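Protein chains in written order, with the UniProt record's numbering: chain A, 1 to 304; chain B, 1 to 304; chain C, 1 to 304; chain D, 1 to 304.
Take a look at the structure below.
Protein chains: 4
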Amino acid sequence: MNAAIRAVVRKGVYHGLEVMGVYRGYHGLIRGDLKPLSLGSVGDIIHRGGTMLYTARSEEFKTEEGQEKAVKTLREHGVEGLVVIGGDGSFRGAMKLTERGIPTVGVPGTIDNDIPGTDFTIGFDTAINTVIQAIDKIRDTATSHERTYVVEVMGRDAGDIALWAGLADGAESILIPEAPYDLDEVVERLKRGNKRGKKHSIILVAEGVASGVEVGEEIRRRTGWETRVTVLGHIQRGGSPTAFDRVLASRMGAAAVDLILEGKSNQMVAIRNNQICGIPFEEAFKQKHRLDLSMYQLAGILAI
Amino acid sequence: MNAAIRAVVRKGVYHGLEVMGVYRGYHGLIRGDLKPLSLGSVGDIIHRGGTMLYTARSEEFKTEEGQEKAVKTLREHGVEGLVVIGGDGSFRGAMKLTERGIPTVGVPGTIDNDIPGTDFTIGFDTAINTVIQAIDKIRDTATSHERTYVVEVMGRDAGDIALWAGLADGAESILIPEAPYDLDEVVERLKRGNKRGKKHSIILVAEGVASGVEVGEEIRRRTGWETRVTVLGHIQRGGSPTAFDRVLASRMGAAAVDLILEGKSNQMVAIRNNQICGIPFEEAFKQKHRLDLSMYQLAGILAI
Amino acid sequence: MNAAIRAVVRKGVYHGLEVMGVYRGYHGLIRGDLKPLSLGSVGDIIHRGGTMLYTARSEEFKTEEGQEKAVKTLREHGVEGLVVIGGDGSFRGAMKLTERGIPTVGVPGTIDNDIPGTDFTIGFDTAINTVIQAIDKIRDTATSHERTYVVEVMGRDAGDIALWAGLADGAESILIPEAPYDLDEVVERLKRGNKRGKKHSIILVAEGVASGVEVGEEIRRRTGWETRVTVLGHIQRGGSPTAFDRVLASRMGAAAVDLILEGKSNQMVAIRNNQICGIPFEEAFKQKHRLDLSMYQLAGILAI
Amino acid sequence: MNAAIRAVVRKGVYHGLEVMGVYRGYHGLIRGDLKPLSLGSVGDIIHRGGTMLYTARSEEFKTEEGQEKAVKTLREHGVEGLVVIGGDGSFRGAMKLTERGIPTVGVPGTIDNDIPGTDFTIGFDTAINTVIQAIDKIRDTATSHERTYVVEVMGRDAGDIALWAGLADGAESILIPEAPYDLDEVVERLKRGNKRGKKHSIILVAEGVASGVEVGEEIRRRTGWETRVTVLGHIQRGGSPTAFDRVLASRMGAAAVDLILEGKSNQMVAIRNNQICGIPFEEAFKQKHRLDLSMYQLAGILAI
């Protein structure tokens, strides 16, 4: 996120704009929590996880009154365009502001990679690297008696983190919301691997599918093997961003400023087929985020 | 562990010994799973987590018959001294072998740091660094609504991991087996911190005290705040060892060979007051492992 | 690389093929250094840097005799198709074998990202993450007297590593072979940043442009400021691969097997516009690798 | 450093003290750059590299006038005791202030581990872990033609970083200021290792002994082998501190406050034989920092 903020500020200043930062999202917008951001104010943040502008949920912004207040704040500060970094919910909020006359451009930032219309979101690459580094450590302790490791990762509606991390780490089974799963088959795979002499097996579970603890219990019950559970939780949200994420965020942040300068509004910056582009929010939301099921099949083949 | 194996082999060869590796611990000893280890066989392993000799539990070794078989294996291979790398259980096994005439020396290797008689065990420093790196990532995502993070770490009987990691990461509360805890007080601290404007709080729980998931539920119930749980699990057992662990393992492995050459037996290598030394198993086991409670108090003071 | 080897083996076995590994590249091919690779032989390698098949240069393979010997080895082992993982040189070797009747498919593996015809090569993402983690550490030590840090990175003919890492890390100046540079301008930028209160500046130099040590000397001479030099060297070639690289390698390795099964030859697997595809070696070599100069300009804008 | 600052502030506030931070060391002290530090001001810094108080050199403080100005600042702010975090030079400055009536306590913070009187300094453990992680990456790229890697690390007068990192990483040769070295012997070792089938060799050079680039050149000249050089530079000064360093800094910072409260002055906090204690500056400076040469010999034995 910080890399995107830095890009918006510096690209904006480069083009002679005055840039302000809204602290704590729509919550801060309603309260007038805006401050000018200079070139120097975004120095030395590109490598920091999290966001220098903080985040907060806002129930009030979901109401008409809240939205009016936000617009009022923006008008009072003479804001001529708003860049919103976030996910689905943030963009739906942005559409509300556009309806009320504020030009908005969205930058997709969420670790779940679940925003339709863009191949990647900012934060996803960092999250999957965090997950695989955790699993790599589990791989190191191959002991003959502790065979099965269940790792629960984020992903309420989207299995992207589980799928990418699972493919990247050779997980034996990957449970994602987008594909039906059958614990019998998972157990079958475990037993087959065990027969072939595999020293350990890793099962990746997206939180939207099941709780890691429960999956662990069930496998233990069915196999009689010791099963160890790891729940990664909010570790996946933090950490210094990867190079891919910093570059993506820098390019997307700069593209958002370009869109604003071109007079575009109600659009989201996206990366599609390795090209940065802008697409209308409405077009994005017409689609559903789709994960690449061929990668899911590949993961199954490679973890025979 | 690998660094200790490497040290034993190379120090041994340096002194003209022939060194063999026992694969899969006492289980392998019973089955005769021994192989000569040359200088080259322990090359390029110092930076690898886990152990090149694998580990396994052995129920059979707990019986007299099992121990006899192990001794037989050792005699058949002409083994004149055995270095055992492991924890309490492994050392008690070693004592049984000594009773049967096999000189043994122990090297304390366990991430829990729970072996009496030594200030540090091999693997502990790596484990706490894994834990703090995980918590550092959680720190990055300070959001105003998700205030409380519960992290469950290893430590069934010893709170060393929780205490060191908690002190190193400024955890608001640390729950360890060695100190009574009171959830009311934990909640009190949380509320106090919240009032002072703390953006987030971290509670570290040693698995021997309570389940992280349960502590999380309970705090949510008492505060009404969102509480996020991370269960680190076997991540803590793996990973490339830290410099401290590699140096400690190298020194301890070499010291074990020295003890064997000096004709010592039934001893454990230890580090005490920053000095490597040998102490009789029996002396070690007479003590109880004690964690430094002044550090626990300090952690409380520094996380006001 | 290991992830690609694993993918080739497991995808091949999945389709009923017998897969052999050639150790030490063309050098090993000439010497007949081939071994069958089973499913298990590529277990637990996906997270390891380097390659389990080792690499070696071969002067002999550049001769007709060498190539004949390699073909003879392949025929003797009944090899019906060869997957070559490597860079330009390896692919030119593959073309020689194809001329002699051996079907070949290339998988682009080089940290420099300098292979024409593919947007990314295996290893590049890992290398740039290594570089930015190094630079992040330098960023932490902002002292008022040690202002300028010069970091030399790999890239003899291609500036991709310097450009991506520089954009990802907010380097003040990036010297790459693809763009003319002017030390006067670099110094100008340093002085401007200094006036604006910047605490430190980072200059990234691709080795193909100049030696980091010399650039450091020159800047010290022209500014009178202390200048610190880091030469990352072969650190950039190693390390556990990133998620992106493991997934790319898995997909490319599997695609190579698909191409072989489809009867294709003299082709290279590539990723273009986020799609995995096969392109003839000749088509690839007709082009020149081009780095995205718009990213270079963006880096300049964002590091004002 | 930040962990030590946090400990001084929070331990101080816990005991009812008012704590101020001096920005930019003696330079800031002369200029009156002091600010009160509250509990919250040191929140969320324990995991950050560098120091939130910045550092600067001060030529002026070396003069009597400068020292007088510093004392004046302290008196004006009613400062009753000063904690100085730093190295030799900083402590000699502290002694000057004590002569002028300001009670001072030192906390040893320098990555070089070269302060006499303490077994470890804050920052050393982080630095050696940075070094070994770099070397681990080099280890991964074992190629048959690029045999010798020279890594230059910090250490102008003290070889602690080179020695610990070299022992931890199995370096074939370690060149430190405390031991004479003979390039012939280094080359002899290389050739012996090569004969034994070693795939690569690592030579660690402390900057105080020689330049890595020159050592690399010389080895290339004498062996005819390709030699690759890495100069780690200021990477070693940064990075998120290790658990050991954070715990050491927390304990030392707290101990400094205890010493102040006990009315001690002109003392340095030290860790000796794993115990935190206070020793007079003068006693510390009477000794010379000594590195453990038995570890140097051990490194030689283990890297046969």
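The C-beta atom is built at its ideal place from N, Cα and C for all residues, glycine as well.
Predicted model only: the values in this text are computed from it and were never measured.
Item, Value
"Cβ-Cβ separation, C/T118 to C/R272 (assumed contact under 8 Å), whole Å", "7 Å"
"Burial state of residue 312 of chain D, where buried means 16 or more other Cβ atoms lie within 10 Å", "Since the first residue of chain D shown is 1 and the last is 304, residue 312 of chain D is not available in this structure."
"Chain A contact for C/S240 (CB, 9 Å cutoff)", "yes"
"Inter-residue spacing [alpha-carbon to alpha-carbon] between A/R48 and D/I85", "26 Å"
"Contacts of B/R6 in chain A (Cβ-Cβ under 9 Å)", "Here the premise fails: no neighbours, minimum Cβ distance about 16 Å."
"N- and C-terminal bounds of the beta strand (DSSP E) containing residue 305 of chain A", "In this structure chain A extends from 1 to 304, so residue 305 of chain A is not present and cannot be described."
"Segment contact flag, the stretch 58-65 of chain A with the stretch 25-36 of chain A, C-beta cutoff 8 Å, min 3 pairs", "yes"
"Contact residues within the stretch 103-131 of chain B, judged by C-beta distance below 7 Å to chain A", "T130"
"Contact list for the stretch 218-230 of chain A against chain B, Cβ threshold 8 Å", "R228, V229 and T230"
"C/I102 vs C/T230 beta-carbon contact at 9 Å", "no"
"Buried or exposed (CB count within 10 angstroms, at least 16 for buried), A/T63", "exposed"
"Identity of the residues DSSP links to B/Q275 by a beta bridge", "B/R272"
"CB contact flag (A/N2, A/P180, <9 Å)", "no"
"For A/A206, the residue or residues it bridges with in DSSP", "A/V153"
"Classification of D/G40 by the beta-carbon crowding that lies within 10 angstroms, buried from 16 upward", "exposed"
"Reduced DSSP secondary structure (H/G/I, E/B, other) of C/V83", "strand"
"Contacts of D/Y149 in chain C (Cβ-Cβ under 9 Å)", "G233 and H234"
"Where the alpha helix (DSSP H) through A/V215 begins and ends", "G212 to T223"
"Whole-Å CB distance - A/V153 paired with A/A162, under 8 Å assumed", "5 Å"
"C-beta neighbour in chain A for C/G50, strict 9 Å", "no"
"Separation of A/Q287 from A/E99, as counted between CA atoms", "21 Å"
"Residue-chain proximity (A/T194, chain C), Cβ-Cβ < 9 Å", "A small correction: the amino acid at residue 194 of chain A is Asn; Thr does not occupy that position in the sequence shown. So no, A/N194 is outside the interface."
"Three-state secondary structure assigned by DSSP to C/K62", "helix"
"Same chain only: Cβ atoms within 6 Å of D/A165, ignoring 5 sequence neighbours per side", "I128, V131 and I132"
"Interface residues of chain D facing B/A165 [CB-CB closer than 8 Å]", "A243"
"Contacting residues, own chain, Cβ-Cβ under 7 Å from B/R189 (five flanking each side not counted)", "E172 and S173"
"Those runs of the alpha helix (DSSP H) which lie wholly inside the stretch 102-147 of chain D and span at least 4 residues", "124-140"
"Rounded C-alpha distance that separates D/M95 from D/I260", "15 Å"
"Simplified DSSP state of B/Q267, which is helix, strand or coil", "strand"
"7 Å Cβ cut-off: residues of chain A touching B/R237", "T141"
"For A/G263 and A/A4, the rounded distance between their alpha carbons", "20 Å"
"Cutoff 9 Å: C/L291 Cβ touching any chain A Cβ", "no"
"Short Cβ contact (9 Å threshold) for B/E178 with B/G159", "yes"
"Nearest neighbour of C/V107, chosen from C/H289, C/Q297, C/M252 and C/N274 [CA to CA]", "C/M252"
"Residues that A/K35 bridges to, as DSSP identifies them", "A/G21"
"Interface partners of C/Y14 on chain A, CB under 7 Å", "I301 and I304"
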